[in-house]
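Notes for the one structure printed next.
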Amino acid sequence: MMSRTVKYAKEIKRLLPIRQQFILSGNVDDQHIYEEDNVAKVLHMDAILWNMLENEKYECIVKYNPVNGISILIDGKYLKKDEKLEVADGLELTSGSKPSLQEFASYIKQIVLQEDDGYGTYTKHRVAILIEYASRISRSVDSLSEEEYNFFRSCDQLARDARRIKNEELANKLYNPVIWCVQNRFDIPVWYGAGNNRIVFQEVEKPSHESRSIVADLYIKHIHNYENYKDNHSQYVNIFAGLSEGLKLQDMIDIMTLVRDQKIGMDDLDDAARGYKTGNQDVNSPWRANGLKERVDNAKERISSRVKGQPAAIELSLDILKRSIMGLTGAQTSSSGSRPRGVLFLAGPTGVGKTELAKSLTQSIFGSQDAYIRFDMSEFASEHSEARLIGAPPGYVGYESGGELTKAVRSKPFSLILFDEIEKAHPKILDKFLQILEDGRITDGLGDTVFFSESIIVFTSNLGISKRHRDGTTEQLVHPQNTYEEVRENVLKGIEEHFTNELRRPEILNRLGDNIVVFNFIQKDVAIEIFEIMVNNIKRRVKDEHRAKLELSEGARNTLIAISTSDLKNGGRGIGSKLESSLVNPLARKLFELESFKDQTIIVDAITMSDNVYSIKISVS
1 MMSRTVKYAK
11 EIKRLLPIRQ
21 QFILSGNVDD
31 QHIYEEDNVA
41 KVLHMDAILW
51 NMLENEKYEC
61 IVKYNPVNGI
71 SILIDGKYLK
81 KDEKLEVADG
91 LELTSGSKPS
101 LQEFASYIKQ
111 IVLQEDDGYG
121 TYTKHRVAIL
131 IEYASRISRS
141 VDSLSEEEYN
151 FFRSCDQLAR
161 DARRIKNEEL
171 ANKLYNPVIW
181 CVQNRFDIPV
191 WYGAGNNRIV
201 FQEVEKPSHE
211 SRSIVADLYI
221 KHIHNYENYK
231 DNHSQYVNIF
241 AGLSEGLKLQ
251 DMIDIMTLVR
261 DQKIGMDDLD
271 DAARGYKTGN
281 QDVNSPWRAN
291 GLKERVDNAK
301 ERISSRVKGQ
311 PAAIELSLDI
321 LKRSIMGLTG
331 AQTSSSGSRP
341 RGVLFLAGPT
351 GVGKTELAKS
361 LTQSIFGSQD
371 AYIRFDMSEF
381 ASEHSEARLI
391 GAPPGYVGYE
401 SGGELTKAVR
411 SKPFSLILFD
421 EIEKAHPKIL
431 DKFLQILEDG
441 RITDGLGDTV
451 FFSESIIVFT
461 SNLGISKRHR
471 DGTTEQLVHP
481 QNTYEEVREN
491 VLKGIEEHFT
501 NELRRPEILN
511 RLGDNIVVFN
521 FIQKDVAIEI
531 FEIMVNNIKR
541 RVKDEHRAKL
551 ELSEGARNTL
561 IAISTSDLKN
571 GGRGIGSKLE
581 SSLVNPLARK
591 LFELESFKDQ
601 TIIVDAITMS
611 DNVYSIKISV
621 S
């Protein structure tokens with residue numbers, strides 16, 4: 001019975017009568033499940049292949065490693081170094097020998113092409129060849145050396161010329177197979193096996209929930225004080241299998257090794273698994289750090305001082321953040337343990353504090369803005385920009401360097417990641433975000449998996465505020481005079497229209513759920529508050545740079561308020577731009593003309609405009 005045995009082993013066994021070579025790619029360096037006599041075991045690939053091939057009366061497996069050379073597996077054990085074994089008539093191989101590619105190709109030929117016994121039946125040695133780490137045979141598959149090219153060409157031809165081998169005890173005729181193990185299908189020449197029906201390509205997938213449950217069942221006993229938990233063994237097996245989603249079986253075994261060595265109990269198993277995924281082995285997760293709840297409890301007042309006029313957005317964002325801290329994000333789903341800690345979609349007019357809120361949340365969660373990672377999605381508008389974000393696929397320029405997002409998360413797994421103006425990204429990239437939101441992980445061009453289970457994902461968007469027509473004109477859909485409910489309704493409608501009708505990806509919208517936070521336009525009273533903050537920033541800069549005091553007359557102040565708050569559709573960003581043109585630029589001109597104003601008071605008396613350029617009148621005392 002092989003019902004739980006890993007798929008590639010069952011396929012090789014089934015196809016041995018008609019296929020000569022098997023190219024396995026993907027999760028080839030993991031351990032896998034092999035079932036025998038209704039008992040499931042966790043074994044390495046070579047052991048699984050031996051157990052399977054031994055039943056078909058294969059004598060041995062000749063394993064070749066580009067670094068270690070030849071090793072020979074017989075009766076479930078490897079021969080010692082320098083021990084010899086006949087694997088074909090006239091061919092005796094030595095364990096530990098390191099043949100050249102040309103020599104190894106000749107070995108394969110002799111094993112695969114057995115001599116005719118004169119009756120058209122081949123009754124010689126039944127042997128399998130396992131080529132381990134075949135990805136490392138060549139320096140580059142795009143520029144093979146002559147020796148490498150001849151090796152692959154010879155092996156490709158051997159698959160066509162191979163003869164099936166008959167065993168004296170079994171009537172069936174089977175090929176002496178060559179089994180290649182590569183990380184990626186494109187780690188061997190693209191032409192290899194093309195049009196050759198004797199060669200099979202098979203992806204070795206990451207372990208299923210059933211496979212992970214088998215490993216969890218075998219290793220959960222390593223938990224510290226397991227005796228206290230054994231009555232709920234099945235429950236904890238299911239928990240560990242869920243926490244290990246996206247991991248290899250070997251990873252699960254490694255986690256349990258750490259759990260045993262560090263005497264970790266069941267209560268901290270989730271942190272141990274998360275820490276292993278992110279590369280941070282400290283069981284003390286920042287999400288459980290002392291002071292986190294206190295920082296978040298006090299966050300509303302602190303954030304409100306930085307993000308003006310958005311009480312509803314701040315309140316909802318903090319509610320979602322508290323859910324993240326308690327580990328309840330996506331708790332209603334079966335895969336919640338691997339999803340990002342939290343997801344926010346901040347939508348609304350430009351310049352109203354969406355980015356500032358993201359920075360403030362980072363400060364509240366991690367105690368520092370160092371954990372803030374921002375991507376301007378307008379830079380990822382082309383179809384090929386996906387490679388820049390997560391890494392180029394094998395064979396393309398930049399393949400080795402990885403992607404900006406994957407490198408950033410790998411270096412800072414505990415972080416808030418902001419994707420600014422997400423609607424400007426190419427639709428193809430959004431498919432990757434769906435995977436991140438749903439599975440909490442993504443695989444880069446190098447084949448390495450990056451986990452987002454400790455991250456907060458934040459998107460910002462201006463959808464629903466304006467609409468660009470085909471003739472290039474832009475229509476403003478909502479205005480600062482609209483009520484918040486009108487703004488919110490229009491923004492939500494714009495988001496739904498974009499994802500459902502334009503992109504035809506409603507599943508992304510479904511995954512966002514109620515995590516969409518709509519910001520309001522900046523109102524007049526709030527605009528004046530923002531104006532005062534920005535003016536004080538200008539005063540502070542003048543003092544720090546020139547040891548001078550800057551003051552505004554009442555008339556100049558009123559003029560600047562009128563200029564800066566005349567049009568609020570661009571929010572705080574618009575106020576800042578108006579202040580720069582009406583105060584900062586003319587002030588810089590005036591100060592540049594002065595010989596000395598150190599330790600003096602500079603008073604802006606009036607603001608005037610001529611030919612669309614602002615000027616100021618100042619007095620120095």
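Sequential numbering of the sequence shown, starting at 1, is according to full-length UniProt numbering.
Even glycine gets a Cβ: it sits at the ideal position worked out from N, Cα and C.
Computed from a predicted model, the values in this text were never measured in an experiment.
So, does the segment 356-366 touch the segment 453-462, judging by three or more C-beta pairs under 8 Å? yes
Which of helix, strand or coil does DSSP assign to N510? helix
I need the boundaries of the beta strand (DSSP E) containing V458, first residue and last residue. 456-461
Outcome for T121 when other beta-carbon atoms lying within 10 angstroms are tallied against a minimum of 16: Reliability of the predicted coordinates at T121 is poor, the pLDDT of 46 falling under 50, and the value obtained from them is presented with this limitation in mind. Under this definition T121 is an exposed residue.
So, is V620 buried or exposed, given that buried needs 16 or more other C-beta atoms within 10 angstroms? exposed
CB-CB length for L583 against I538, believed under 8 Å: 7 Å
Less than 9 Å between the beta carbons of L552 and V491, yes or no? no
Taking just the CA atoms, how far does E132 sit from N68? 10 Å
Exposed unless 16 or more other CB atoms sit within 10 angstroms - verdict on H125: buried
Start-to-end residues for the beta strand (DSSP E) that takes in M609: 601-610
Counted within 10 angstroms of its Cβ, other Cβ atoms place D268 as buried (16 or more) or exposed: buried
May I ask you to report which of helix, strand or coil DSSP gives K617? strand
What are the boundary residues of the alpha helix (DSSP H) that D261 is part of? 249-261
Taking the alpha-carbon positions, what's the L249 to N228 distance? 25 Å
Closest by C-alpha distance to V542, when choosing among L568, I530, N585: N585
Do R341 and S324 have their CB atoms nearer than 9 Å? yes
Would you check if there are 3 or more beta carbon pairs closer than 8 Å linking the segment 213-229 to the segment 48-59? no
Cutoff 7 Å; reference S581; Cβ partners in own chain excluding five residues on either side: Y614
Measure the alpha-carbon distance for T355 versus K293 and round it to whole angstroms. 23 Å
Going by Cα to Cα distance, which pick from Q20, N558, I602, D75 is closest to I199? Q20
Please classify F592: is it buried, with 16 or more other beta-carbons within 10 angstroms of its beta-carbon, or exposed? exposed
Whose C-beta lies closer than 8 Å to the C-beta of I253 among residues of the same chain, with five residues either side of it excluded? Q31, V42, V215, Y219
Rounded separation between A371 and N298 - CA only: 19 Å
Could you tell me which of G26, E86, N27, R14 sits nearest to L53, measuring between CA atoms? R14
Within the chosen definition, does the segment 149-161 reach the segment 74-92 through at least 3 CB pairs nearer than 8 Å? no
Own chain, CB closer than 8 Å to P506, minus 5 neighbours either side, in chain order: F499, T500
Is the segment 305-322 in contact with the segment 408-426, if contact means three or more CB pairs nearer than 8 Å? no
Beta-carbon gap between V307 and G353 smaller than 9 Å: yes
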